[in-house]
Amino acid sequence: MKRLVLVFVVLFGLSLNAQEHEVKLDVLDLAAFKSLDITYQYILNEESAVGLSVLKNLSDTDNIFNYREDFVITPFYRQYFDFAGMSNVYGEVFFALNSGRDFKDTDHDGVDDSIKYTDGAFGLVAGKSFVSPRGFVLDFYAGIGRNLFDAKGAPKIVPRIGINAGFRF
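Under this note's numbering, the residues of the sequence shown are numbered 5 to 173, in order.
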């Protein structure tokens, strides 16, 4: 009986230390593009993970430094590699369901003639994660996707670029 209790306590203790969840905030999007991008990631094993990013554009103006998308939901799958001696390098496949506005003043009368759109993009990302012993995560990534449905007003290319900071627990 004592051995059974000991095995249970050891297994329970190991499961408490198995850090399988990450929650991150994209600090690049927040600072440079005035948008809020929050990511949840579930670690399947030491080589793969799945997750979901949600981006909300907080800017209501159109300029070169803002996203055209108003809202993006991005489920993804990551495969981690040991690349040239570096760990936590990954490739990612994603699908970005994006909606937004194509800002236009077609007749130059000062009235916003923007077109609202919703589209979906498949894409690829490459990135690198750094994880501290206490669970702080810093994640750098860049990639692109292509909108599939050619919705009127939707961009052809959807960027996925970020510097995420968060915690693994």
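The beta-carbon is built from N, C-alpha and C at its ideal position, and this holds for glycine as well.
Asked: Given 8 Å, three or more beta-carbon pairs between the stretch 120-127 and the stretch 93-103; Found: yes
Asked: Integer-rounded CB distance, given that G139 should sit under 8 Å from F173; Found: 6 Å
Asked: D33, DSSP secondary structure in three states; Found: helix
Asked: Cβ-Cβ separation, V76 to A169 (assumed contact under 8 Å), whole Å; Found: Not a contact, Cβ separation roughly 19 Å.
Asked: For F107 and G131, the rounded distance between their alpha carbons; Found: 31 Å
Asked: Residue from V54, G55, R72, A53 whose Cα sits closest to the Cα of N61; Found: R72
Asked: Option nearest D64 by Cα separation, candidates L56, I47, S39, F144; Found: S39
Asked: Check whether I119 and G95 have beta carbons under 8 Å apart; Found: no
Asked: Reduced DSSP secondary structure (H/G/I, E/B, other) of F98; Found: strand
Asked: Among L48, F37, D33, the one whose alpha carbon lies nearest that of E26; Found: L48
Asked: Distance between beta carbons of D74 and R105, contact taken as under 8 Å; Found: 6 Å
Asked: Neighbour-count burial assignment, Y121, 16 or more Cβ in a 10 Å radius; Found: buried
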